[in-house]
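Asker: Have a look at this one before I ask anything.
Spelled out as C-alpha cells, the structure:
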C-alpha cells in the first residue's frame with residue numbers, strides 16, 4: 001500500500017524531531033557533565049555513579065509494585081512497569097563481556113572532559129565511528145565500500161573546524177577517549 005504524502009511528511013517530521021531531541025539532550029549532557037566534573041573532580045567515580053543510577057532505574061522498572069484492583073476480591077495485587085526478563089547463568093555469562101565493555105566505554109567517555117574541553121572531547125569522539133569501522137574490518141574482515149568510509153571524514157573535519165577556536169589539548173582527555181573508543185569498538 002502506497003504511503004500518502006502526508007504520512008511520509010509526518011514520519012519525516014517525527015524523525016527530525018527525534019534527532020533534534022537526541023542532539024539537544026546530548027549537548028545538555030555534555031555541558032552538564034563538564035560542569036559537574038568541575039565541581040566534583042572524581043571523573044571515574046562520577047561515571048560509575050551514573051551507571052549505578054541506570055541500574056537502579058532498571059531495577060525499579062522490574063520491581064513488583066502494589067496496585068489497587070477494585071475488581072479483585074483481595075483488592076491488592078502486584079505488577080511491574082516492565083516485564084522481568086528471565087536470565088539463565090548462560091545468558092549472564094554471554095552478556096558479561098558486552099556489559100563490561102559498555103561500562104568501561106561509558107565511564108571513560110564520562111571522564112574524558114574532566115581535564116580538557118568539551119570541544120576537544122567531541123573532536124576525538126567523532127573519530128569513534130571511523131575507529132570502530134577500522135576495527136570491524138581488522139577483526140571481522142567486514143569491509144565496507146570506500147564511500148562509506150569517505151562519509152565519515154566530513155563529520156570529523158566538520159566538528160574539528162566548528163570547535164577549533166576552543167580546543168584545549170589534554171593527554172588525559174585523549175587517553176580516556178581512546179579507552180572509550182576501544183571499548184565501544186570491541187563491543188560492536
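In full-length UniProt numbering, the protein residues as written are 1 to 188. C-beta: ideal position from N, C-alpha, C; glycine also. Values in this document were obtained by computation on a predicted structure and should not be read as measured data.
Is residue 75 helix, strand or coil by DSSP?
Answerer: It is coil, neither helix nor strand.
Asker: Going by DSSP in three states, residue 115 sits in which element: helix, strand or coil?
Answerer: Here residue 115 sits in coil by DSSP.
Asker: For the structure I just gave you, are there three or more beta carbon pairs, one from the stretch 178-187 and one from the stretch 88-107, closer than 8 Å?
Answerer: Cβ pair count under 8 Å is three or more, so yes.
Asker: Return helix, strand or coil for residue 65, following the three-state DSSP convention.
Answerer: Strand.
Asker: Nearest to residue 80 by alpha carbon, out of 63, 94 and 88?
Answerer: The shortest Cα separation from residue 80 among 63, 94 and 88 belongs to 63.
Asker: I'd like the span of the alpha helix (DSSP H) that includes residue 31, first residue to last.
Answerer: Counting along the chain, the alpha helix (DSSP H) containing residue 31 begins and ends at 5-39.
Asker: Would you grab the beta carbon distance between residue 160 and residue 123 for me? Rounded to a whole angstrom, and I think it's under 8 Å.
Answerer: Going by Cβ atoms, the distance from residue 160 to residue 123 rounds to 5 Å, so yes, they are a contact pair.
Asker: Helix, strand or coil for residue 83? Go by DSSP, reduced to three states.
Answerer: In this structure, residue 83 counts as coil in the three-state DSSP scheme.
Asker: Determine the extent of the alpha helix (DSSP H) in which residue 134 is found, giving its start and end residues.
Answerer: Its alpha helix (DSSP H) spans residues 128-139.
Asker: If I measure Cβ to Cβ from residue 156 and keep anything under 6 Å in the same chain, skipping five residues before and after, which residues do I get?
Answerer: Within the same chain, residue 156 has close Cβ partners 126 and 127.
Asker: Just checking my contact of residue 176 with residue 111 at CB under 8 Å: how many whole Å lie between their CB atoms?
Answerer: Rounded, the Cβ-Cβ distance is 5 Å, consistent with contact.
Asker: Can you find the residues in the same chain that come closer than 6 Å, C-beta to C-beta, to residue 152, ignoring five residues on each side of it along the sequence?
Answerer: Cβ within range, chain order: 129 and 130.
Asker: Considering only heavy atoms of the ligand NAP, does any lie closer than 7 Å to the CB of residue 97?
Answerer: As far as ligands go, the structure on display features none, and thus does not contain the ligand NAP.
Asker: Secondary structure at residue 88, three-state DSSP: helix, strand or coil?
Answerer: Three-state DSSP puts residue 88 in coil, outside helix and strand.
Asker: Does DSSP put residue 94 in a helix, a strand or coil?
Answerer: Note: residue 94 maps to helix in three-state DSSP.
Asker: By Cβ distance below 8 Å, which residues in the same chain neighbour residue 75 in space, the five residues on each side in sequence not counted?
Answerer: Once the five neighbours on either side are set aside, the close Cβ partners of residue 75 are 68 and 69.
Asker: Can you name, in chain order, every residue of its own chain whose Cβ lies under 7 Å from the Cβ of residue 92, other than the five neighbours on each side?
Answerer: For residue 92, where only same-chain residues beyond five positions count, there are no Cβ hits under 7 Å.
Asker: So what's residue 49 in DSSP terms, helix, strand or just coil?
Answerer: In the structure shown, residue 49 sits in a helix (DSSP, three-state: H, G or I).
Asker: If you draw a straight line from the alpha carbon of residue 86 to that of residue 94, how long is it in whole angstroms?
Answerer: Roughly 14 Å between the two C-alpha positions.
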